[in-house]
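**Q**
As structure tokens, this is what we get:
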């Protein structure tokens, strides 16, 4: 996505700027219907509380996160925290997404494209993991 | 969760396909069509190392082929009818954009469906990875 288009989206969607170290949500937080989209900066994703916390992913501009909240009312599965000096993030709930969808659907289209490319990547990963599993079973004589 | 696209469009183009029919095949170039299952059952099949593997099944209310409209990419899998027959609605980009403009809920519902699928696939990855890890430990 070009920086001009990102800027357009920032204006249309509205965003928050968080400082380094700011926690956006914590693993186990009660569900709300909010998801996030990264416009700038980097967000670390962590699992495990207290001393056993481990970074499982690093999010960059163009990534979204917390999206499962739109689908399930379950506690947050991971903690997300700003790791760059600051990060600009769009905060979206159902009402805003519906409004965008009707008024300026372009952002939602893009979000859908991102979601679909992530789905494709996940499907590829699943395929590879299953192939590995199959090979491991074959090697051990399990069918 | 499913999306009844028939609520959003009158006169959605519909076709009836028979058992064994392939709606499209893996690596086909996109014809810009996205499909909704109104009735029947379809199998999503992908070739892995030259052998066909069924990835999942689709039933009424589910959609497929959305990448063709949104990304214009080649078909990533083959979709075949496995019930006696299947009734499918289909949209091209023009109709898709029209629905998107006139029905705010449409894009939102589609997004939710894709997110739901990501969640399901991620769960399956976790399961397969765990099985693999246990196997390697034993």
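Residue numbers (the working numbering), protein chains in the order written: chain A, 11 to 153; chain B, 5 to 142.
Glycine included, every Cβ here is placed at the ideal spot set by N, Cα and C.
1. Counting along the chain, where does the alpha helix (DSSP H) carrying residue 128(B) start and finish?
2. To the nearest angstrom, how far is it from the Cα of residue 108(A) to the Cα of residue 37(A)?
3. Are residue 20(B) and residue 91(B) closer than 8 Å when you measure CB to CB?
4. Could you check what DSSP says for residue 143(A) in three-state terms: helix, strand or coil?
5. Rounded to whole angstroms, what's the CA-CA distance from residue 122(A) to residue 112(B)? Just pull it up for me.
6. Counting only C-beta atoms, is residue 75(A) closer than 8 Å to chain B at any point?
7. Run through chain B and tell me which residues come within less than 9 Å of residue 122(A), C-beta to C-beta.
8. Per the DSSP calculation, residue 4(B) is bridged to which residue(s)?
9. Identify which residue in 109(B), 127(B) and 138(B) has its Cα closest to the Cα of residue 78(A).
10. Please state whether DSSP places residue 88(A) in a helix, a strand or coil.
11. Using a Cβ-Cβ distance cut-off of 8 Å, determine whether residue 107(A) contacts chain B.
12. What is the rounded straight-line gap between the Cα of residue 51(A) and the Cα of residue 44(A)?
13. Indicate the three-state DSSP secondary structure (helix, strand or coil) for residue 152(A) in the structure shown.
14. How would you call residue 69(B), buried or exposed, if buried means at least 16 neighbouring beta carbons within 10 angstroms?
15. Got a sec? Which residues, its chain only, sit under 6 Å from residue 28(A) by beta carbon, not counting five neighbours each side?
**A** Walking through what the data contain:
1. As a first step, residue 128(B) is located in the second chain; it is residue number 124 there, counting from the start. 108-141 is the extent of the alpha helix (DSSP H) around residue 128(B).
2. For the purposes of this step, residue 108(A) is taken as residue 98 along the first chain, with counting starting at 1. For the purposes of this step, residue 37(A) is taken as residue 27 along the first chain, with counting starting at 1. One C-alpha to the other measures close to 27 Å.
3. Position 16 of the second chain holds residue 20(B). Position 87 of the second chain holds residue 91(B). Yes, the Cβ-Cβ distance between residue 20(B) and residue 91(B) is below 8 Å.
4. The residue given as residue 143(A) occupies position 133 in the first chain. For residue 143(A), the three-state secondary structure derived from DSSP is helix.
5. Position 112 of the first chain, counted from the start, is the residue given in the question as residue 122(A). Position 108 of the second chain, counted from the start, is the residue given in the question as residue 112(B). Answer to the nearest angstrom: the Cα atoms are 9 Å apart.
6. For the purposes of this step, residue 75(A) is taken as residue 65 along the first chain, with counting starting at 1. With 8 Å as the cut-off, residue 75(A) does not count as an interface residue toward chain B.
7. For the purposes of this step, residue 122(A) is taken as residue 112 along the first chain, with counting starting at 1. Correct list: 70, 74, 111, 114, 115 and 118.
8. Nothing can be reported for residue 4(B): it is not among the residues displayed for chain B, which extend from 5 to 142.
9. Within the first chain, numbered from 1, the residue matching residue 78(A) stands at position 68. The residue from 109(B), 127(B) and 138(B) with its alpha-carbon nearest to that of residue 78(A) is 127(B).
10. Counted from its first residue, the first chain places residue 88(A) at position 78. Under the three-state reduction of DSSP output, residue 88(A) falls in the coil class, being neither helix nor strand.
11. Position 97 of the first chain, counted from the first residue, corresponds to residue 107(A). Yes - at least one Cβ of chain B is within 8 Å of the one on residue 107(A).
12. One-based indexing of the first chain puts residue 51(A) at position 41. One-based indexing of the first chain puts residue 44(A) at position 34. For residue 51(A) and residue 44(A), the distance between alpha carbons rounds to 19 Å.
13. Sequence index remark: in the first chain, residue 152(A) carries index 142 (1-based). Three-state DSSP puts residue 152(A) in coil, outside helix and strand.
14. On the second chain, residue 69(B) is found 65 positions in, with the first residue counted as 1. Counting every other CB atom within 10 Å of its CB across the protein chains shown gives residue 69(B) a total of 16 or more, marking it as buried.
15. On the first chain, position 18 is the one that residue 28(A) refers to. Closer than 6 Å at the Cβ level, and outside the excluded window around residue 28(A), lie 92 and 97.
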